[in-house]
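Student: Starting off with a structure, shown below.
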Amino acid sequence: MSHKKAQPQDFNWSELGFEYHDLPYRFRAYFKDGKWSDGALETDSNLPVNEAATGLHYGQNIFEGLKVYRRQDGGANLFRPDRNAKRLQNSAARLMMAPVPEELFLRALKEVTKANKDFIPPYGTGATLYLRPFEFGGGPVVGVHPADNYVFEVYATPVGAYYKGGLTPTAYVTNEYDRAAHGGTGAAKAGGNYGASMLAGDEAHAAGYSDVVYLDPRLHENIEELGSANFFGITKDGRFLTPKSPSILPSVTKYSLLEVAKELGLEAEETTISINDLDQFTEAGAMGTAAVISPVGSITHHGNKHVFYSETEVGPWTQKLYDRLTAIQYGDEKGPENWAVDVPLD
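According to the working numbering, the stretch in the sequence shown is residues 802 to 1147, in order.
Okay, here's the thing in structure tokens:
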């Protein structure tokens, strides 16, 4: 059963949520007999999948997420897509899947964007065109071993500003669930990581929290991630700290903000951060593609609530970091070389 195809006139760009819309085009390529096809744009949003595909049974499915930003001059930017290409390759290696060549990955992003250019939200609406590259094992396999053929696709959907009311601090809580095993797939963007997080997230939401603070799987002491985002804290002595662990997904936003923090005059470091040392921070936040930065108002651990800068107002450093990074993404300010990548729309 197909979704109704979206039309540009269907959208009030300023009122968009973070939802799927069936756009006219997606890009699809196939790995078979040891090589990738050239790939092409396709109109059908449904995929025929063999019932014994490893993507359905054995978790051979990985994905990425990035956005297309409409510039003030009417053009469009991708933000550091080469980092997403490399991360998808690293995820593929961890799950014994065929890596997607960077050239194919980048061409797919640009073709999908150009084909769906009428769905890139206007500059100033806070909305963007979200791109979802993904790959899964399509070959029929009964025993537990890798598939011999794979599907790579990029689809697009317009999404609204993550925060309707601007940057608003929210509350997080620790619990007993682990996001990833030590030595597991935490550093890969594997679908199973997200499926396993749903119960923990749902329990946190039901208790009135924004999401879960995941601690390291060995000691349950050191902060790893906040929901599906990376954590950062600003210390009283002007340091931007973010957790270092082999179980953490290497966020494109995190590594970008590490550089922006240094540019703004903060010391920046990946390091171990104990849940018992929260009082060293004056501000805290979660980092990711969807929201860029989500200010953390408080973290509750074993019933003890720690409040950072404010539960209602964004901190000054968090605001500066957000403003600088989004200005680069939208092309309002020049950033480091190859961060904002123009996408030809003609």
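For each residue, glycine too, the CB sits at the ideal point set by N, CA and C. All of these numbers come straight from a predicted model, not from anything done at the bench.
Apart from the five residues just before and just after residue 1056, which ones in its own chain have a Cβ nearer than 8 Å to its Cβ?
Tutor: Along the sequence shown, one-based indexing puts residue 1056 at 255. Result list for residue 1056: 884, in chain order.
Student: I'd like to check one pair, residue 1099 with residue 1108: are the Cβ atoms closer than 9 Å?
Tutor: Indexing the sequence shown from 1 puts residue 1108 at position 307. Indexing the sequence shown from 1 puts residue 1099 at position 298. Yes. Within cutoff.
Student: Output the boundary residues of the beta strand (DSSP E) element that contains residue 828.
Tutor: Locating residue 828 in the sequence shown gives position 27, counting from the first residue. Segment 827-833, the beta strand (DSSP E) holding residue 828.
Student: Kindly indicate which residue of 1003, 1123, 1135, 856 has the alpha-carbon position closest to the one of residue 1059.
Tutor: Along the sequence shown, one-based indexing puts residue 1059 at 258. Comparing Cα-Cα distances from residue 1059 to each of 1003, 1123, 1135, 856, the minimum goes to 1123.
Student: Based on Cα-Cα distance, which residue from 1139, 1140, 1127, 1138 lies nearest to residue 873?
Tutor: Locating residue 873 in the sequence shown gives position 72, counting from the first residue. Comparing Cα positions, the closest option is 1127.
Student: Would residue 1012 pass as a contact of residue 1087 if the rule is Cβ separation under 9 Å?
Tutor: Along the sequence shown, read from residue 1 onward, the residue named residue 1012 stands at position 211. Along the sequence shown, read from residue 1 onward, the residue named residue 1087 stands at position 286. Yes, Cβ-Cβ distance for residue 1012 and residue 1087 is below 9 Å.
Student: My guess is that residue 1053 and residue 881 are in contact by the Cβ rule of under 8 Å, so how many angstroms apart are they, rounded?
Tutor: The residue given as residue 1053 occupies position 252 in the sequence shown. The residue given as residue 881 occupies position 80 in the sequence shown. Confirmed, about 6 Å.
Student: Among the residues of its own chain, which have a CB less than 6 Å from the CB of residue 815, if the five just before and after it don't count?
Tutor: In the sequence shown, residue 815 corresponds to position 14, counting from 1. Contacts found: 926.
Student: Evaluate contact between the stretch 1041-1053 and the stretch 1019-1033, counting only Cβ atoms and requiring at least three cross-stretch pairs below 8 Å.
Tutor: The stretch 1041-1053, when compared against the stretch 1019-1033, does touch it at the 8 Å Cβ threshold.
Student: Counting only runs of 3+ residues fully inside the stretch 949-984, write out the beta strand (DSSP E) ranges in chain order.
Tutor: List check, beta strand (DSSP E) in window: 951-960, 971-975.
Student: Taking 8 Å as the threshold, find out whether the stretch 908-921 comes into contact with the stretch 821-837 through three or more Cβ pairs.
Tutor: A contact exists between the stretch 908-921 and the stretch 821-837.
Student: Spatial neighbours of residue 1101 within its chain, please: C-beta separation below 6 Å, excluding the five flanking residues on both sides.
Tutor: Your numbering for residue 1101 matches position 300 in the sequence shown. The answer, listed in chain order, is 974.
Student: Since residue 1077 and residue 1044 are thought to touch, with beta carbons under 8 Å apart, how far apart are those beta carbons, to the nearest angstrom?
Tutor: Translated into positions along the sequence shown, residue 1077 becomes position 276. Translated into positions along the sequence shown, residue 1044 becomes position 243. Wrong, their Cβ atoms sit about 14 Å apart, outside the cutoff.
Student: What residues in its chain sit with their C-beta under 6 Å from that of residue 953, if we drop five residues either side in the sequence?
Tutor: In the sequence shown, the residue the question calls residue 953 occupies position 152. Closer than 6 Å at the Cβ level, and outside the excluded window around residue 953, lie 830, 901, 936.
Student: For residue 843, which residues in the same chain have their Cβ closer than 8 Å to its Cβ, ignoring the five residues on either side in sequence?
Tutor: As a working note, residue 843 is residue 42 in the sequence shown. The answer, listed in chain order, is 826, 827, 828, 829.
Student: I'd like to confirm the pairing. Which residues does DSSP put opposite residue 930 in its beta bridges?
Tutor: Translated into positions along the sequence shown, residue 930 becomes position 129. Paired residue(s): 869, 959.
Student: Can you tell me whether residue 1105 is helix, strand or coil according to DSSP?
Tutor: Reading the sequence shown from its first residue, position 304 is the one you call residue 1105. Correct three-state label for residue 1105: strand.
Student: Can you list, in chain order, the residues of its chain whose CB lies under 8 Å from that of residue 982, leaving out five sequence neighbours each side?
Tutor: Within the sequence shown, residue 982 is the residue found at index 181, counting from 1. Same-chain partners within the cutoff: 1018, 1048.
Student: Going by the DSSP bridge assignment, what does residue 937 pair with across the sheet?
Tutor: Position 136 of the sequence shown, counted from the first residue, corresponds to residue 937. Looking at the DSSP assignment, residue 937 forms a beta bridge with 862, 952.
Student: Please name the residue in 867, 805, 834 whose C-alpha comes closest to that of residue 847.
Tutor: Here the question's residue 847 lines up with position 46 in the sequence shown. Closest by alpha carbon: 805.
Student: Can you tell me which of 905, 979, 1039 puts its alpha carbon nearest to the alpha carbon of residue 1020?
Tutor: The residue labelled residue 1020 in the question sits at position 219 within the sequence shown. It is 979.
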